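Chemist:
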Amino acid sequence: MGLIHNFLDARGTPLEQQRFTWREVNTQPISKLDDDAFTRVRIILMNGIEVDSLRLQHFGARFYKELRAPLAQVRRVEHHQQTTINWLLSSDHSPLETTIAYEQTAIEITAAVAQNEPDPYQAQTYRFGLLEDFDHLYRYAAMLDRLEGKDANNILQSYTDIFPGRPTTDHHRAPSDDLRDHYDSRNADLITKIHAAMITAAEYQTHDYYMNIGPQFADPVARALYAEIASVEEQHVTQYGSLMDPGETFLEKWLIHEAMEAYAYLSCVQQEENPRVRAIWERFLEYEIGHVHLVGELFKKHEGRDPAEILEGPLPETMPFKSQRDFVREVISEEVDLRAHGIDYVPKSQESEATLSYREQMNSDGVPAEEISAGYIWTPGTELARRPGYLS
Amino acid sequence: MENQPKMGMNYTGIKMSPFDSRQQTSASDKHRPDIQGSIERYAKQRQMSVRESERIGSVPIPGSARGTVKTSFEKIKGKNPEVLIDKLGERLAFERTGVRLYDAMIAKAQALGEQEDVVAQLIRIRDDEADHMERVIEAMERMGADSTALTPCADVSGVSSMGLLQVITDPRTTMIQSLSALLTIELTDNAAWELLIELAHEAGHDEIIPPFEQALEQEKEHLRIVNQWMKRGLQVQMIAE
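Chains as they are written, first to last, in this note's numbering: chain A, 122 to 513; chain B, 80 to 320.
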């Protein structure tokens, strides 16, 4: 694979050569024990991005008959890319362990994005959501420990801290306080558009995952915790989705999404330690560049616009896949008490009546996140290593 | 919640729908499979996967850390010491999950109004399991192994425990149904401690055996108690009005 300097000059694989077999998509999984946690983070991220690609392309087909054929063709490939990627997760990950990995992905990727985002308001939004995903990790870690007797750090591999963030109890806001201001597509940087599409995709996947697995738990507190946190993830999808300019046309959004996919795969290729997995990222990077060109041609044909208007210029600096511990700690110390009122970030005392009333209603029968995590301190080898006695 | 099994409208068997079931069965007999062969094809695919698959993972080398030069097994004697470490990791994981299963069982027993001595006994067994956990940790740390690491057998043990966890934590399952799951745990515990003691001896680590032998004696007692509860509970159900 040659060096890629910008989206428009890279060649990519033509769509008609993007083919699979059932054997190929049914990938050999990674090792939960021996693969680096960031390999798992990349898998989860790219699965989320691919499923969002399907989502976007299905919505487009609902509105644009003339695009249905190319949408269906690209979507079929994206779907099999998604399968290949998602099947990399081995079955010895319990649903709760996978959940820990999902929250690690949310924290580390959102933190990386927040630091790389040039628009200060968008960066603030990522920092705001980050502290809530950070708290989710703490509550789920308590659940994993107290329900299954397992140590979340076997998944986190000491890359990500486990302590309370902005309390989940306070995440529950009225819908009007989850909507954010959006970038102006005419003058926003490409990386701003890429970030918004990426993090929205990641949170949407997380929401859907929790909604799917929540009812599979027999434990009543686990069921309740997933119901609560899935609701917050829906809030996060609302929040991040509202960062995007609704004035962008569908084709513009599709083009940005394909560019985002290529950007994400390139970031994966550059940092993947597992050679078998890296080969998948390399192959799919070429596929996405092919998609970028295909959508670019549709952009010209149907809107009479040049894709260079959106994609011109050098590639944005790729996203780091590494522990963002120091940054996260800094944000917690400075912003954990921040709240939202409309599109503004405000101190606790300035939350809206609508949010206070909604929160009071939702929390009126108890808060699952509080019930499971009361007194919980993460300890290597689980809480039992610190407090082995019954109800101690 | 009722503890006693009751007769009711369970729809799962064919005798609930004799007419529809006859029609369904004759339709299956009439419409032959479109794909020739047998379940053997399934077995062959599985065999292919087993031959092609990588293993679950590896046992961490004592003293190694990310980015550092790996050290040798200095404190561990014998050939293939990773076999013992792997099984110690498994025992630790099983005991740790066992403590949490007993936490769930105690909560259920209290909610169902079980006798105080039953609850007290459950708590004692639970605390024994926590103590067993600590013995394994001590043994591993003495050998220079990382007791917080997930060994391959520990990981697999976690998978096999998931079904037991679902049974015991389900608020709908009765004491007897939950005791059935506990029985599986205690039977496994007994067999596993025996094997571990033999393995430690063969590996030349007799120094870790005495606390394990005490644990095994306690597990025999746990098994006897759980068995007794099961029998008593089933007898009560058999004669209930």
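The C-beta atom is built at its ideal place from N, Cα and C for all residues, glycine as well. Treat the numbers as computed from the prediction; the structure is a model and nothing was measured.
Under 8 Å Cβ-Cβ, which residues of chain E neighbour residue 503 of chain A?
Modeler: Absent from the structure: chain E. Protein chains present are A and B.
Chemist: I'd like the list of long-range same chain contacts for residue 257 of chain A, defined as Cβ closer than 6 Å, with 5 residues on each side in sequence excluded.
Modeler: What you label residue 257 of chain A is simply residue 136 of the first sequence in a count that begins at 1. Excluding positions up to five away in sequence, the list reads 224 and 350.
Chemist: Straight-line CA distance for residue 497 of chain A to residue 509 of chain A?
Modeler: In the first sequence, counting from the first residue as 1, residue 497 of chain A sits at position 376. In the first sequence, counting from the first residue as 1, residue 509 of chain A sits at position 388. Their backbone Cα atoms lie some 13 Å apart in a straight line.
Chemist: Would residue 231 of chain B count as contacting chain A if we go by Cβ distances under 9 Å?
Modeler: For this step, residue 231 of chain B is matched to residue 152 along the second sequence. Chain A, which has a Cβ nearer than 9 Å to the Cβ of residue 231 of chain B, makes this yes.
Chemist: Cα-Cα, which of B:236, B:110 and B:182 is closest to residue 166 of chain B?
Modeler: By one-based count along the second sequence, residue 166 of chain B stands at place 87. When C-alpha distances from residue 166 of chain B are compared across B:236, B:110 and B:182, the shortest belongs to B:236.
Chemist: Helix, strand or coil: how does DSSP classify residue 461 of chain A here?
Modeler: By 1-based counting over the first sequence, the position of residue 461 of chain A is 340. Strand, per DSSP.
Chemist: Residue 272 of chain A and residue 439 of chain A: beta carbons closer than 9 Å?
Modeler: Your numbering for residue 272 of chain A matches position 151 in the first sequence. Your numbering for residue 439 of chain A matches position 318 in the first sequence. No; because the gap between Cβ atoms is not below 9 Å, this pair is not in contact.
Chemist: Between residue 105 of chain B and residue 91 of chain B, what straight-line distance do the alpha-carbon atoms span, to the nearest angstrom?
Modeler: Within the second sequence, numbered from 1, the residue matching residue 105 of chain B stands at position 26. Within the second sequence, numbered from 1, the residue matching residue 91 of chain B stands at position 12. About 19 Å.
Chemist: Any residues in the stretch 321-342 of chain A with a beta carbon nearer than 7 Å to a beta carbon of chain B? Which ones, in chain order?
Modeler: 339, 340 and 341
Chemist: Determine the contact status of residue 237 of chain A and residue 164 of chain A, defining contact as a CB-CB distance below 9 Å.
Modeler: The count along the first sequence starts at 1 and reaches residue 237 of chain A at position 116. The count along the first sequence starts at 1 and reaches residue 164 of chain A at position 43. No, the pair does not count as a contact, with Cβ atoms beyond the cut-off.
Chemist: Our contact map puts residue 449 of chain A next to residue 282 of chain A with C-beta atoms below 8 Å; I'd like the distance itself, whole angstroms only.
Modeler: Sequence index remark: in the first sequence, residue 449 of chain A carries index 328 (1-based). Sequence index remark: in the first sequence, residue 282 of chain A carries index 161 (1-based). That belief holds up - the Cβ atoms of residue 449 of chain A and residue 282 of chain A are roughly 7 Å apart, short of 8 Å.
Chemist: Classify residue 283 of chain B: buried if its beta carbon has 16 or more other beta carbons within 10 angstroms, exposed otherwise.
Modeler: Along the second sequence, one-based indexing puts residue 283 of chain B at 204. Flag for residue 283 of chain B reads exposed.
Chemist: Specify, as a first and last residue, the run of the alpha helix (DSSP H) that residue 109 of chain B falls within.
Modeler: In the second sequence, the residue the question calls residue 109 of chain B occupies position 30. Element bounds for residue 109 of chain B: 97-109.
Chemist: Leaving out five residues before and five after residue 188 of chain B in sequence, what residues of the same chain have Cβ atoms less than 8 Å from its Cβ?
Modeler: For this step, residue 188 of chain B is matched to residue 109 along the second sequence. If we look at residue 188 of chain B and ignore the five residues flanking it on each side, its Cβ neighbours are 197, 198, 201 and 254.
Chemist: Counting contacts by CB-CB distance shorter than 9 Å, is residue 511 of chain A in contact with chain B?
Modeler: Here residue 511 of chain A is taken as the residue at index 390 of the first sequence, counted from 1. Interface residue, yes.
Chemist: If you compare alpha carbons, which of A:394, A:249, A:437 and A:226 is closest to residue 298 of chain A?
Modeler: As a working note, residue 298 of chain A is residue 177 in the first sequence. It is A:249.
Chemist: Span of the alpha helix (DSSP H) holding residue 308 of chain A?
Modeler: Taking the first sequence and counting its residues from 1, the one referred to as residue 308 of chain A is at position 187. Careful: residue 308 of chain A lies outside any alpha helix (DSSP H) and carries neither H nor E.
Chemist: Using only the alpha-carbon positions, how far apart do residue 435 of chain A and residue 429 of chain A sit?
Modeler: Position 314 of the first sequence, counted from the first residue, corresponds to residue 435 of chain A. Position 308 of the first sequence, counted from the first residue, corresponds to residue 429 of chain A. Those two C-alpha atoms are separated by around 11 Å.
Chemist: How would you list, in chain order, the residues of chain B whose beta-carbon sits under 8 Å from the beta-carbon of residue 349 of chain A?
Modeler: As a first step, residue 349 of chain A is located in the first sequence; it is residue number 228 there, counting from the start. Going along chain B, no residue has its Cβ under 8 Å from residue 349 of chain A, so there is no contact; the nearest lies around 18 Å.
Chemist: Would you please state the rounded distance, in angstroms, between the beta carbons of residue 393 of chain A and residue 306 of chain A? I believe it to be under 8 Å.
Modeler: By one-based count along the first sequence, residue 393 of chain A stands at place 272. By one-based count along the first sequence, residue 306 of chain A stands at place 185. With 8 Å as the limit, residue 393 of chain A and residue 306 of chain A do not qualify as a contact, their Cβ atoms being about 32 Å apart.
Chemist: Using a Cβ-Cβ cut-off of 7 Å (strictly less than) and excluding sequence neighbours within five positions of residue 466 of chain A, which residues of its own chain qualify?
Modeler: For the purposes of this step, residue 466 of chain A is identified with residue 345 of the first sequence, where counting begins at 1. Around residue 466 of chain A: 245, 249 and 459.
Chemist: Just the Cα atoms here: how many angstroms apart are residue 371 of chain A and residue 318 of chain A?
Modeler: Taking the first sequence and counting its residues from 1, the one referred to as residue 371 of chain A is at position 250. Taking the first sequence and counting its residues from 1, the one referred to as residue 318 of chain A is at position 197. Cα-Cα distance, rounded: 13 Å.
Chemist: Where residue 336 of chain A and residue 249 of chain B are concerned, what is the direct C-alpha to C-alpha distance, given to the nearest angstrom?
Modeler: In the first sequence, the residue the question calls residue 336 of chain A occupies position 215. In the second sequence, the residue the question calls residue 249 of chain B occupies position 170. In a straight line, the C-alpha of residue 336 of chain A is about 12 Å away from that of residue 249 of chain B.
Chemist: Within this structure, are the beta carbons of residue 294 of chain A and residue 356 of chain A separated by less than 9 Å?
Modeler: If you number the first sequence from 1, residue 294 of chain A lands on position 173. If you number the first sequence from 1, residue 356 of chain A lands on position 235. Cβ distance < 9 Å, so residue 294 of chain A and residue 356 of chain A count as in contact.
Chemist: Would you verify that the beta carbon of residue 203 of chain A is, or is not, closer than 9 Å to some beta carbon of chain B?
Modeler: Taking the first sequence and counting its residues from 1, one reaches residue 203 of chain A at position 82. Not an interface residue.
Chemist: Would you tell me roughly how many angstroms separate the C-alpha atoms of residue 130 of chain A and residue 427 of chain A, rounded to the nearest one?
Modeler: Position 9 of the first sequence, counted from the first residue, corresponds to residue 130 of chain A. Position 306 of the first sequence, counted from the first residue, corresponds to residue 427 of chain A. Their Cα atoms are separated by approximately 14 Å.
Chemist: Would you call the stretch 470-477 of chain A and the stretch 258-267 of chain A touching, i.e. three or more CB-CB distances under 8 Å?
Modeler: no
Chemist: Counting only the same chain and skipping the five closest in sequence on each side, list residues whose C-beta sits under 6 Å from that of residue 163 of chain B.
Modeler: Your numbering for residue 163 of chain B matches position 84 in the second sequence. The residues are 278 and 282.
Chemist: For the stretch 312-366 of chain A, list the alpha helix (DSSP H) runs that are entirely contained and at least 4 residues long, ordered along the chain.
Modeler: 341-362
Chemist: Would you say residue 282 of chain A lies against chain B (beta-carbon separation less than 9 Å)?
Modeler: On the first sequence, residue 282 of chain A is found 161 positions in, with the first residue counted as 1. Cβ-Cβ to chain B under 9 Å: no for residue 282 of chain A.
Chemist: Going by the CB atoms, is the gap between residue 134 of chain B and residue 444 of chain A shorter than 9 Å?
Modeler: To locate residue 444 of chain A, count along the first sequence from 1; it is residue 323. To locate residue 134 of chain B, count along the second sequence from 1; it is residue 55. No. Outside cutoff.
Chemist: From residue 149 of chain A to residue 160 of chain A, what does the alpha carbon distance come to, in whole angstroms?
Modeler: On the first sequence, position 28 is the one that residue 149 of chain A refers to. On the first sequence, position 39 is the one that residue 160 of chain A refers to. Rounded to the nearest angstrom, the two C-alpha atoms are 14 Å apart.
Chemist: Go ahead and pull the three-state DSSP assignment for residue 138 of chain B.
Modeler: The count along the second sequence starts at 1 and reaches residue 138 of chain B at position 59. Coil.
Chemist: The alpha helix (DSSP H) with residue 171 of chain B in it runs from where to where?
Modeler: Within the second sequence, residue 171 of chain B is the residue found at index 92, counting from 1. Run containing residue 171 of chain B: 160-190, per the alpha helix (DSSP H) assignment.
Chemist: With a threshold of 16 other CB atoms inside 10 Å of the CB of residue 274 of chain B, please say whether the residue is buried or exposed.
Modeler: Taking the second sequence and counting its residues from 1, the one referred to as residue 274 of chain B is at position 195. Classification for residue 274 of chain B: exposed.
Chemist: Taking Cβ-Cβ distances shorter than 8 Å, what residues in chain A pair up with residue 136 of chain B?
Modeler: Along the second sequence, one-based indexing puts residue 136 of chain B at 57. Here the neighbours are 152, 153, 154 and 155.
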